[in-house]
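Novice:
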Amino acid sequence: MATFGNLSDRLADTFKNLRTKGKLSAADVDGTVREIRRALLDADVALDVVKEFTATVRERALGDEVNKALNPAQQVVQIVNEELVRILGGQQRRLEFAKRPPTVIMLAGLQGAGKTTLAGKLARWLAKDGHTPVLVAADLQRPNAVNQLQIVGGQAGVPVFAPEPGNGVGNPVKVAKDGVAWAVQKQHDVVIVDTAGRLGVDAEMMKQAADIRRAIDPDEVLFVIDAMIGQDAVATAKAFQEGVDFTGVVLTKLDGDARGGAALSVASVTGRPIVFASTGESLGDFEPFHPDRMASRILD
Ligand code: GDP
Numbered sequence: 001m002a003t004f005g006n007l008s009d010r011l012a013d014t015f016k017n018l019r020t021k022g023k024l025s026a027a028d029v030d031g032t033v034r035e036i037r038r039a040l041l042d043a044d045v046a047l048d049v050v051k052e053f054t055a056t057v058r059e060r061a062l063g064d065e066v067n068k069a070l071n072p073a074q075q076v077v078q079i080v081n082e083e084l085v086r087i088l089g090g091q092q093r094r095l096e097f098a099k100r101p102p103t104v105i106m107l108a109g110l111q112g113a114g115k116t117t118l119a120g121k122l123a124r125w126l127a128k129d130g131h132t133p134v135l136v137a138a139d140l141q142r143p144n145a146v147n148q149l150q151i152v153g154g155q156a157g158v159p160v161f162a163p164e165p166g167n168g169v170g171n172p173v174k175v176a177k178d179g180v181a182w183a184v185q186k187q188h189d190v191v192i193v194d195t196a197g198r199l200g201v202d203a204e205m206m207k208q209a210a211d212i213r214r215a216i217d218p219d220e221v222l223f224v225i226d227a228m229i230g231q232d233a234v235a236t237a238k239a240f241q242e243g244v245d246f247t248g249v250v251l252t253k254l255d256g257d258a259r260g261g262a263a264l265s266v267a268s269v270t271g272r273p274i275v276f277a278s279t280g281e282s283l284g285d286f287e288p289f290h291p292d293r294m295a296s297r298i299l300d
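First residue of the sequence shown? That's 1 in UniProt numbering, and the numbers climb one at a time after it.
#1: Locate the beta strand (DSSP E) running through Thr132, then write down its first and last residues.
#2: Give the range of the alpha helix (DSSP H) segment to which Phe53 is assigned.
#3: Exposed or buried, Gly208, counting other C-beta atoms within 10 Å across all chains shown (16 or more means buried)?
#4: Any idea if Val249 is buried or exposed, counting beta-carbon neighbours within 10 angstroms, 16 or more meaning buried?
#5: CB Val224 to CB Thr252, shorter than 9 Å?
#6: With DSSP run on the structure shown, which of helix, strand or coil describes Phe223?
#7: Can you tell me whether Glu164 is buried or exposed? The criterion is at least 16 other CB atoms within 10 Å of its CB, across all chains shown.
#8: Excluding the 5 residues flanking Gln231 on each side, which residues of the same chain have their C-beta closer than 6 Å to its C-beta?
#9: Can you name the start and end residues of the alpha helix (DSSP H) that Asp194 belongs to?
#10: How about the region 121-131 and the region 233-247: do they share at least three Cβ pairs that are nearer than 8 Å?
#11: Given Leu199, which residues of its chain have a CB within under 8 Å of its CB, disregarding the five upstream and five downstream residues?
#12: For Lys121, count neighbouring C-beta atoms within 10 Å of its own C-beta (all shown protein chains included) and say buried if the count is 16 or more, exposed if not.
#13: Can Arg58 and Asp30 be called in contact, C-beta distance under 9 Å?
#14: Given Val146, which residues of its chain have a CB within under 8 Å of its CB, disregarding the five upstream and five downstream residues?
#15: Heavy atom of the ligand GDP less than 8 Å from the Cβ of Asp194, yes or no?
#16: So, Pro291 versus Gln74, is the Cβ gap smaller than 9 Å?
#17: Can you list, in chain order, the stretches of the beta strand (DSSP E) that have 3 or more residues and sit fully within the region 207-270?
#18: Leaving out five residues on either side along the sequence, give the residues of the same chain with a beta carbon under 7 Å from the beta carbon of Met228.
#19: Looking only at DSSP bridge pairs, what is Pro288 linked to?
#20: Going by beta-carbon coordinates alone, are Thr117 and Val158 separated by less than 9 Å?
#21: I'd like the list of long-range same chain contacts for Asp300, defined as Cβ closer than 7 Å, with 5 residues on each side in sequence excluded.
#22: Rounding to the nearest angstrom, what Cα-Cα distance links Ile192 and Pro218 in this structure?
#23: Roughly how many angstroms separate the alpha carbons of Pro143 and Gln150, rounded to a whole number?
#24: Quick check on this structure: which residue in Phe289, Leu135, Glu287 has the alpha carbon closest to the alpha carbon of Val104?
#25: Rounded to the nearest angstrom, what separates Leu62 and Ala239 at their Cα positions?
#26: State buried or exposed for Asp226, treating a residue as buried only when at least 16 other CB atoms are found within 10 Å of its CB.
#27: Decide if Gly154 is buried, meaning its Cβ has at least 16 other Cβ atoms within 10 Å, or exposed.
#28: Are the Cβ atoms of Glu220 and Leu95 separated by less than 9 Å?
#29: How would you label Leu107, buried or exposed, when you count the other beta carbons within 10 angstroms and need 16 or more for buried?
#30: What does the Cβ neighbour count give for Asp28, buried or exposed, with the cut at 16 atoms within 10 Å?
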């Protein structure tokens with residue numbers, strides 16, 4: 001995965017070095033842990049996450065599981081792998097469907113994070129799986145947002161509920177509610193509600209998102225975050241957690257070549273799982289997130 005290319009290379013170098021040794025001394029372990037720490041920090045992983053991660057790896061690497069291992073270096077790599085899986089959320093978390101349809105999914109995140117694109121990707125993925133999703137255009141902030149959602153809806157082959165001119169225009173809460181009611185009436189089983197973002201965290205935007213959340217009581221609130229956002233990821237994620245109490249995270253732009261590590265911190269810092277990953281601009285560039293597969297790609 002391009003986003004983590006540099007981190008992958010750095011870790012690969014560290015482990016290559018380690019593999020030249022047989023039994024590992026405490027100094028070998030400390031040296032390795034220091035290099036991992038630097039590589040993670042340079043990849044923009046949040047300091048608190050790095051500290052906890054490296055402390056755990058160090059403690060385990062100094063213990064019997066490495067000392068008694070046939071191949072100590074390989075055992076350290078295994079520990080790093082397991083701890084990476086853990087900070088990425090452990091088990092795969094699947095989308096939760098409502099017991100009684102429709103399942104209501106609200107998307108929240110900064111402008112440009114990739115929400116509208118994601119709405120189309122998610123709808124297409126669900127439709128392929130036999131669901132009958134509908135998109136609701138409750139992002140009335142950007143002039144072109146409704147139109148953009150209609151385009152991705154068209155590409156995904158799913159209906160889009162958009163405000164009629166003069167009816168609810170300018171009132172995203174009403175549009176969201178009407179959209180859900182429309183989906184119930186038309187017996188769609190999933191409703192995906194796109195909401196407005198701003199370039200930065202903004203009190204008015206957050207209130208609007210919170211109002212929409214309250215009005216439609218979604219089964220899932222997915223926080224969409226650009227993996228290339230850098231160190232701002234943690235503060236942004238915390239603000240959205242406080243504002244809309246999201247249930248899951250979607251990482252977008254994992255195809256980018258930025259350092260991406262901040263995105264790795266989000267699950268750990270918020271305690272909310274990463275549910276999907278978005279890896280490009282076209283509708284097919286989308287997959288459920290598997291913590292173990294992501295860790296393997298980083299350690300490839
Ligand atoms: P929104 O403001 O959150 O609704 O964001 P958009 O869905 O409009 O996406 C902003 C830009 O990012 C658009 O140009 C998208 O094509 C692009 N984009 C979205 N997801 C991805 C992705 O996974 N990878 C790449 N490379 N670009 C993406």
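We treat Cβ as the ideally placed atom computed from N, Cα and C, and that holds for glycine.
Specialist: To lay it out plainly:
#1: In the sequence shown, the residue the question calls residue 132 occupies position 132. Per DSSP, Thr132 is not a residue of any beta strand (DSSP E), being assigned neither H nor E.
#2: By one-based count along the sequence shown, residue 53 stands at place 53. Looking at the DSSP string, the run of the alpha helix (DSSP H) that includes Phe53 is 47-61.
#3: On the sequence shown, residue 208 is found 208 positions in, with the first residue counted as 1. Checking the displayed sequence, the identity of residue 208 turns out to be Gln instead of Gly. Its Cβ being crowded by 16 or more others within 10 Å, Gln208 is buried.
#4: What you label residue 249 is simply residue 249 of the sequence shown in a count that begins at 1. So Val249 counts as buried.
#5: Counting from one through the sequence shown, the residue named residue 224 turns up at place 224. Counting from one through the sequence shown, the residue named residue 252 turns up at place 252. In terms of Cβ geometry, Val224 and Thr252 form a close pair [threshold 9 Å].
#6: If you number the sequence shown from 1, residue 223 lands on position 223. DSSP places Phe223 in the strand class (E or B) of the three-state scheme.
#7: By 1-based counting over the sequence shown, the position of residue 164 is 164. Under this definition Glu164 is an exposed residue.
#8: The sequence position of residue 231 within the sequence shown is 231, counting from 1. Same-chain partners within the cutoff: Asp44, Ala262.
#9: As a working mapping, residue 194 is identified with position 194 in the sequence shown. Taken as a continuous stretch (DSSP letters only), Asp194 belongs to no alpha helix (DSSP H), being part of the beta strand (DSSP E) at 190-195.
#10: Segments in contact, no.
#11: Reading the sequence shown from its first residue, position 199 is the one you call residue 199. Counting only Cβ-Cβ distances below 8 Å, and skipping sequence neighbours, we find Leu110, Gln111, Gly112.
#12: By one-based count along the sequence shown, residue 121 stands at place 121. Label assigned to Lys121: buried.
#13: Translated into the one-based positions of the sequence shown, residue 58 becomes position 58. Translated into the one-based positions of the sequence shown, residue 30 becomes position 30. Yes, these two residues count as a Cβ contact at 9 Å.
#14: Locating residue 146 in the sequence shown gives position 146, where the first residue counts as 1. The residues Ala137, Asp139, Leu140, Ala162, Pro163, in chain order, have a CB closer than 8 Å to that of Val146 in the same chain once the five nearest residues on each side in sequence are set aside.
#15: For the purposes of this step, residue 194 is identified with residue 194 of the sequence shown, where counting begins at 1. Within 8 Å of the C-beta of Asp194 there is at least one heavy atom belonging to the ligand GDP.
#16: Along the sequence shown, read from residue 1 onward, the residue named residue 291 stands at position 291. Along the sequence shown, read from residue 1 onward, the residue named residue 74 stands at position 74. With contacts defined by Cβ atoms closer than 9 Å, Pro291 and Gln74 do not form a contacting pair.
#17: For the beta strand (DSSP E) assignment, the uninterrupted runs of no fewer than 3 residues enclosed by the region 207-270 are, from N- to C-terminal side, 220-226, 248-252.
#18: The residue labelled residue 228 in the question sits at position 228 within the sequence shown. Contacts found: Lys253, Gly256, Ala258, Gly260.
#19: Here residue 288 refers to the residue found at position 288 when the sequence shown is read from its first residue. Its beta-bridge partners are Phe276.
#20: Stepping through the sequence shown from its first residue, residue 117 is reached at position 117. Stepping through the sequence shown from its first residue, residue 158 is reached at position 158. No. Outside cutoff.
#21: Position 300 of the sequence shown, counted from the start, is the residue given in the question as residue 300. Taking Asp300 as the centre and dropping the five residues before and after it, the same chain places the C-beta of Ser8 closer than 7 Å to its C-beta, in chain order.
#22: Against the sequence shown, residue 192 aligns to sequence position 192. Against the sequence shown, residue 218 aligns to sequence position 218. C-alpha separation (whole angstroms): 9 Å.
#23: Here residue 143 corresponds to residue number 143 of the sequence shown, with the count starting at 1. Here residue 150 corresponds to residue number 150 of the sequence shown, with the count starting at 1. Distance between the alpha carbons of Pro143 and Gln150: 13 Å.
#24: Taking the sequence shown and counting its residues from 1, the one referred to as residue 104 is at position 104. Among Phe289, Leu135, Glu287, the Cα nearest to that of Val104 is on Leu135.
#25: Against the sequence shown, residue 62 aligns to sequence position 62. Against the sequence shown, residue 239 aligns to sequence position 239. Distance between the alpha carbons of Leu62 and Ala239: 38 Å.
#26: The sequence position of residue 226 within the sequence shown is 226, counting from 1. Counting of Cβ neighbours within 10 angstroms places Asp226 among the buried residues, the total reaching 16 or more.
#27: Translated into the one-based positions of the sequence shown, residue 154 becomes position 154. Gly154 counts as exposed, since fewer than 16 other C-beta atoms from the protein chains shown sit within 10 angstroms of its C-beta.
#28: Within the sequence shown, numbered from 1, the residue matching residue 220 stands at position 220. Within the sequence shown, numbered from 1, the residue matching residue 95 stands at position 95. Taking 9 Å as the Cβ cut-off, Glu220 and Leu95 qualify as a contacting pair.
#29: As a first step, residue 107 is located in the sequence shown; it is residue number 107 there, counting from the start. Here Leu107 is buried: its Cβ has 16 or more other Cβ atoms, across all protein chains shown, within 10 Å.
#30: In the sequence shown, the residue the question calls residue 28 occupies position 28. Buried, since its Cβ has 16 or more Cβ neighbours within 10 Å.
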